[in-house]
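*Asks:* From first to last, the protein sequence lines stand for chains A and B. Using this note's numbering, the first residue of the first sequence is number 21, and each one after it goes up by one. Using this note's numbering, the first residue of the second sequence is number 621, and each one after it goes up by one. In this text, a Cβ means the ideal position worked out from N, Cα and C, and glycines have one as well. Just passing along the structure, written as structure tokens.
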Amino acid sequence: MSDKKDNGGDAPDPLAEIEERLRHLYVAPGSTGGIPTERVLLNIKVAKPQNTWFFRTHPDPAYQRKVAVLGDPKDDQLYIVNTELVGGSVDPSLVRMKILRAAINRQNVPFIWPVPAPHDDGTTYPVWENLQSAANLAEEAWVNLSWDRESRLHTIKKAISEGLSPPLWPDEERYPFDKWLALAFKDNLIEAHDHLLLRQLRGEF
Amino acid sequence: MLLQDYSPGAARKLDSYNEVWFVDMEFHAPPGHRPHVVCVVAAELRTGATFRLWGDELKRNRPPYSVGPTSLFVAYYATAELECHLALGWPLPETVIDLYTEFVLQTNSPLRQYQQHRKALIPALQHFGCPHIKADLKTAFRDRIMAGGPWSEDDKASILDYCETDTIALAQLLPRMLPEISVPHAIHRGRFTRCVAQMTHVGLPIDTALLQSMRDQSAAIRESVVSEFERENNFGIYEGTTFKVSGFEQYLVQENLHLSWPRLASGAFDQKDQTFKDLESTHAGIGKLRELRSTLSTLRSFDLAVGLDGRNRTLLGQYGTITARCAPKASEFLFGPARWIRGLLKPEEGRAIAYLDYSSQEICIAGFLSGDKALQEAYATTDPYISFGKASRYLPDHATKTSHYVERELLKACLLGIGYGMQARNLAARIEQAPIFAQDMLRRHRETYRGFWAWVADERDRAFLTGEISTPYGWRMAVTSDTRATSLQNWPIQSLGSEMLRVSVEMLQLAGITVNTTVHDAVVIESSSDCIDEVTAEAKQIMERASKAVMGDGMHCRVGGEPVCWPDRYMDSRPAAQEMWGRVMRYLGEQNSDTSGAEVRHRVIS
Chain A
21 MSDKKDNGGD
31 APDPLAEIEE
41 RLRHLYVAPG
51 STGGIPTERV
61 LLNIKVAKPQ
71 NTWFFRTHPD
81 PAYQRKVAVL
91 GDPKDDQLYI
101 VNTELVGGSV
111 DPSLVRMKIL
121 RAAINRQNVP
131 FIWPVPAPHD
141 DGTTYPVWEN
151 LQSAANLAEE
161 AWVNLSWDRE
171 SRLHTIKKAI
181 SEGLSPPLWP
191 DEERYPFDKW
201 LALAFKDNLI
211 EAHDHLLLRQ
221 LRGEF
Chain B
621 MLLQDYSPGA
631 ARKLDSYNEV
641 WFVDMEFHAP
651 PGHRPHVVCV
661 VAAELRTGAT
671 FRLWGDELKR
681 NRPPYSVGPT
691 SLFVAYYATA
701 ELECHLALGW
711 PLPETVIDLY
721 TEFVLQTNSP
731 LRQYQQHRKA
741 LIPALQHFGC
751 PHIKADLKTA
761 FRDRIMAGGP
771 WSEDDKASIL
781 DYCETDTIAL
791 AQLLPRMLPE
801 ISVPHAIHRG
811 RFTRCVAQMT
821 HVGLPIDTAL
831 LQSMRDQSAA
841 IRESVVSEFE
851 RENNFGIYEG
861 TTFKVSGFEQ
871 YLVQENLHLS
881 WPRLASGAFD
891 QKDQTFKDLE
901 STHAGIGKLR
911 ELRSTLSTLR
921 SFDLAVGLDG
931 RNRTLLGQYG
941 TITARCAPKA
951 SEFLFGPARW
961 IRGLLKPEEG
971 RAIAYLDYSS
981 QEICIAGFLS
991 GDKALQEAYA
1001 TTDPYISFGK
1011 ASRYLPDHAT
1021 KTSHYVEREL
1031 LKACLLGIGY
1041 GMQARNLAAR
1051 IEQAPIFAQD
1061 MLRRHRETYR
1071 GFWAWVADER
1081 DRAFLTGEIS
1091 TPYGWRMAVT
1101 SDTRATSLQN
1111 WPIQSLGSEM
1121 LRVSVEMLQL
1131 AGITVNTTVH
1141 DAVVIESSSD
1151 CIDEVTAEAK
1161 QIMERASKAV
1171 MGDGMHCRVG
1181 GEPVCWPDRY
1191 MDSRPAAQEM
1201 WGRVMRYLGE
1211 QNSDTSGAEV
1221 RHRVIS
């Protein structure tokens, strides 16, 4: 085992080589590429964009639909309700109107974002308008949403780098919006008054 | 595979090297021992020249291949081959590419499936679609080699053939990995691999007589420390040496920790060591409990790996974490979770050691990376915690460490917790304050260090936009939708901290200072007692110089630590560790009066 060695007073400084090497090794972060993949969609999530996501919404009006919904998307329990049932089998106060928007995040994960829609009588709220604005902005730019406690509104950020790649939307022939809805909602469609959820809400069991 | 089989781009990356050697060695080494080399196979990329050496053929003062700066040494988990070099008395190769390190880097991600089995060659071969021998055949050969012989002539031939299959595998792996490898950075990483081999070769000096006493009586010590612990603290958690979940739940309720203590999906209280670690700095009882749990676990098998020369050696697990810090096998390493065990670190007669660590390294690096002048100034004051308190108007301008000791401890816990990305709820649990207080501290931090928070947001955005995060020196990690934003806050700081320590070790070794090991942001160095003060002072200067080199000339990270000379021993400064050491020594003293005197003499290093 060696102890401290005397390098001699006039010897060149051996540590300077390491310092010089470090100066040369500096690299700008985030410069590696990815591996191309072909996406097969078996599920599509229904969700509000997370505060860590940058996302885009599909600009084609065919990829959005105004629907009546019941339940909460946070626990995967959001149901599309046939509007003809509202007022009859379904208590109108439980139903909310949403515009389902096809969206995708920066990691190329497609999802359906239920954006609040104004009531039929035109009633709306600042926070709803705030979200609608974000959804519209995301048709053209990568957008990030985070909640601001002070203003009680979402802070909307837009990525302004020109080098960012555009969204890789799932192939439109294989995945028209009806297919998105089918993958996202599967059995969560209420089309008849004897649906289990409606019976539960009516207190039948 | 010859060079003409490489793609032009891959081949060009090797133009600077006259020779490229793929090297694999077989050896056997009981835990804690230096390796006994059985055979070496080395093959050169361009000429196809191959050396197969066995037994007496290894008794030479140099390897059969060139180790100069224009020869590239390629191996997988190269510390093993480099330790073999040192055991044989061969010089270390100057330029090393460790394909293990490069595999870790190319698959670096917080996802668990990428964290396991990377030290073995086969998973890397599978990942890159290379052919390989079956895993059970490899295990059978390894077992035969570890048995240590004697081997027949047929055995020798088949072991050499087996060794050569790994060399061929390296030759197949390199061209597949090269497109993603920046060779200068890989060689820079390989410099630390050389350092690790040298540290492992040296090992840590252990008080083997005391260790043997502990091993002989480990079962009785376990029972004794638990009963003494329960008698003194009355936690009601242990029955015998069994940890009772119901007792633990009652304890958390009694301490009013049951609402904030993390839970599993099942609703049960989380019992991971990290959970205890997060809370021990602000809750003395949790610190004691953690030390006891670690002690019982350590004493159960007592796997501390010590060689016949009385030195602790284990795989240091270089680049083993997502931030590239070392991840040694805890049960075999002196600096594992049970901190009192560190009292076994004792220099031999006439020798001395010093534990040197960077002071508040995370704060210094956060200031550097973010460019936040207020944070940089706080670090420059030597007491960043008091400085934060004053700057955020939590403390009056005249506050000092002495006048506001309690507040300083609170601010320290806050500053470190926030640095780790803690949000109000977890921070409140860490500092044992109401969530509204933690929210207020977070607000003060955000308002005081605006530049830091702007940098955090920028880094997070860049990571989620590009799908990766990286350091200025090329270490990187994949970022997915599942990556937690708070972990991205801490990753660049920890990763640059690990870079700083690696550069320190290389500089220290180059300056002729013996480095025994690294421990998170610290090193242990060794010299003879008569020059330890000078060596320690020089080592501190070198470590500060390394921090300057990594961060640029504008900033440097301070280094603390004092030497320990024989017959003193090292001792962890944390009260829970010292308390546990006292328990064990009392028990051994009762059993054997010889153990209670000079053997318990120690010097506490804070």
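#1: Which partner residues of residue 647 of chain B appear in the DSSP bridge assignment?
#2: Buried or exposed for residue 876 of chain B, please, with buried defined as at least 16 other CB atoms from any protein chain shown within 10 angstroms of its CB.
#3: Let me check understanding here. Comparing Cα to Cα, which of A/184, A/102, A/225 lies closest to residue 1081 of chain B?
#4: Within the 7 Å Cβ cut-off, does residue 175 of chain A reach chain B?
#5: List the residues of chain A whose Cβ lies closer than 9 Å to the Cβ of residue 1179 of chain B, in chain order.
#6: Which chain B residues are close to residue 125 of chain A, counting only those with a beta carbon under 7 Å from its beta carbon?
#7: Answer yes or no: does any C-beta atom of chain A fall closer than 7 Å to that of residue 748 of chain B?
#8: In chain order, which beta strand (DSSP E) runs of at least 3 residues are fully inside the region 932-1009 of chain B?
#9: When DSSP labels each residue in this structure, what does residue 128 of chain A get in the three-state scheme?
#10: What residues from the region 1079-1093 of chain B come within 9 Å of chain A, judged by C-beta to C-beta, listed N to C?
#11: Which residue from B/706, B/1174, B/794 puts its Cα closest to that of residue 726 of chain B?
#12: Look up residue 1194 of chain B in the DSSP assignment and say whether it is helix, strand or coil.
#13: Could you name each continuous beta strand (DSSP E) segment of 3 residues or more that falls completely within the region 844-931 of chain B, going from the start of the chain to the end?
#14: At least one CB of chain A closer than 7 Å to the CB of residue 648 of chain B: is that the case?
#15: Run through DSSP, which three-state label would residue 180 of chain A get?
#16: Taking Cβ positions, are residue 1123 of chain B and residue 1135 of chain B nearer each other than 7 Å?
#17: Could you tell me if the beta carbon of residue 962 of chain B falls within a distance shorter than 6 Å of some heavy atom in the ligand MN?
#18: Starting from residue 164 of chain A, follow its DSSP beta bridges and name the residues at the other end.
#19: Here's a check: name, in chain order, each residue in its chain whose Cβ is nearer than 7 Å to the Cβ of residue 1021 of chain B, leaving out the five neighbours to either side.
#20: So residue 34 of chain A contacts chain B; which residues on that side make the cut at Cβ distance below 8 Å?
#21: Could you check whether the Cβ of residue 257 of chain A sits closer than 7 Å to any Cβ belonging to chain B?
#22: Looking at C-alpha atoms only, which residue of B/774, B/1172, B/1157 is the closest neighbour of residue 1180 of chain B?
#23: How about residue 129 of chain A: is its C-beta nearer than 7 Å to some C-beta of chain B?
#24: Output, in chain order, the set of chain B residues within a Cβ distance shorter than 8 Å of residue 75 of chain A.
#25: So, is residue 99 of chain A buried or exposed, given that buried needs 16 or more other C-beta atoms within 10 angstroms?
#26: Go through its chain and collect everything with a Cβ distance to residue 919 of chain B's Cβ below 7 Å, but skip five positions before and after it.
#27: On a Cα-Cα basis, can you pick out the residue from A/72, A/68, A/62 that is closest to residue 1107 of chain B?
#28: On the CB-based measure, 16 or more other CB atoms within 10 Å of its CB, does residue 145 of chain A come out buried or exposed?
#29: Round the Cβ separation of residue 1128 of chain B and residue 1159 of chain B to the nearest angstrom and send it over; I've been treating them as touching at under 8 Å.
#30: Apart from the five residues on each side of it in sequence, which residues of its chain come closer than 6 Å, Cβ to Cβ, to residue 655 of chain B?
#31: Can you confirm whether residue 72 of chain A, when its beta carbon is compared against all beta carbons of chain B, has any partner nearer than 7 Å?
#32: Please decide whether residue 170 of chain A counts as near chain B, where near means a Cβ-Cβ distance under 7 Å.
#33: Name the residue from B/844, B/1037, B/714 whose alpha carbon lies nearest to the alpha carbon of residue 807 of chain B.
#34: Using DSSP bridges, identify the partner residues of residue 1146 of chain B.
#35: Put residue 1045 of chain B into one of helix, strand or coil per three-state DSSP.
#36: Taking the straight line between their C-alpha atoms, what separation do you get for residue 718 of chain B and residue 803 of chain B?
*Replies:* Taking the geometry as given:
#1: Residue 647 of chain B is bridged to B/657.
#2: By the Cβ neighbour-count rule, residue 876 of chain B is exposed, with fewer than 16 other Cβ atoms within 10 Å of its own.
#3: Proximity to residue 1081 of chain B across A/184, A/102, A/225 peaks at A/184, based on C-alpha coordinates.
#4: Cβ-Cβ to chain B under 7 Å: no for residue 175 of chain A.
#5: Result: empty, since nearest Cβ-Cβ is about 15 Å, beyond 9 Å.
#6: Those within 7 Å of residue 125 of chain A in chain B are 1101.
#7: Not a single C-beta of chain A is nearer than 7 Å to the C-beta of residue 748 of chain B.
#8: Within the region 932-1009 of chain B, complete beta strand (DSSP E) segments of at least 3 residues are found at 971-978, given in chain order.
#9: Note: residue 128 of chain A maps to coil in three-state DSSP.
#10: Only 1079, 1080, 1081, 1082, 1083, 1084, 1085, 1086, 1087, 1088, 1089, 1090, 1091, 1092, 1093 from the region 1079-1093 of chain B bring a Cβ to less than 9 Å from some Cβ of chain A.
#11: Here the closest residue by C-alpha is B/794.
#12: Of the three classes helix, strand and coil, the one that applies to residue 1194 of chain B here is coil, per DSSP.
#13: For the region 844-931 of chain B, not a single whole beta strand (DSSP E) run of length 3 or above is found.
#14: Not closer than 7 Å to any Cβ of chain A, the Cβ of residue 648 of chain B fails to qualify, so no.
#15: Here residue 180 of chain A sits in coil by DSSP.
#16: No, the pair does not count as a contact, with Cβ atoms beyond the cut-off.
#17: The ligand MN is not part of the structure shown, which contains no ligands of any sort.
#18: Listed as beta-bridge partners of residue 164 of chain A by DSSP are A/177.
#19: Beyond the five residues adjoining it in sequence on each side, residue 1021 of chain B comes within less than 7 Å, by CB distance, of 1003, 1006, 1028 in the same chain, given in chain order.
#20: Per Cβ cutoff of 8 Å: 1130, 1131.
#21: This structure does not reach residue 257 of chain A, given that chain A is present from 21 up to 225, and the question cannot be answered.
#22: The residue from B/774, B/1172, B/1157 with its alpha-carbon nearest to that of residue 1180 of chain B is B/1157.
#23: For residue 129 of chain A, the answer is yes, since a Cβ of chain B falls inside 7 Å of its Cβ.
#24: Per Cβ cutoff of 8 Å: no residues; residue 75 of chain A is ~10 Å from chain B at best.
#25: Answer is buried; the Cβ neighbour count reaches 16.
#26: Around residue 919 of chain B: 838, 841, 842.
#27: Distance from the Cα of residue 1107 of chain B is smallest, within the candidate group A/72, A/68, A/62, for A/72.
#28: Classification of residue 145 of chain A: exposed, given that the 10 Å Cβ count is below 16.
#29: Their Cβ separation, rounded to whole angstroms, is 6 Å, which keeps residue 1128 of chain B and residue 1159 of chain B in contact under 8 Å.
#30: The answer, listed in chain order, is 647, 649, 703, 704, 707.
#31: Chain B, which has a Cβ nearer than 7 Å to the Cβ of residue 72 of chain A, makes this yes.
#32: Cβ-Cβ to chain B under 7 Å: no for residue 170 of chain A.
#33: Of the residues B/844, B/1037, B/714, the one whose Cα lies closest to the Cα of residue 807 of chain B is B/714.
#34: In DSSP, residue 1146 of chain B forms a bridge with B/973, B/1134.
#35: Looking at residue 1045 of chain B - three-state DSSP - the assignment turns out to be helix.
#36: C-alpha separation (whole angstroms): 11 Å.
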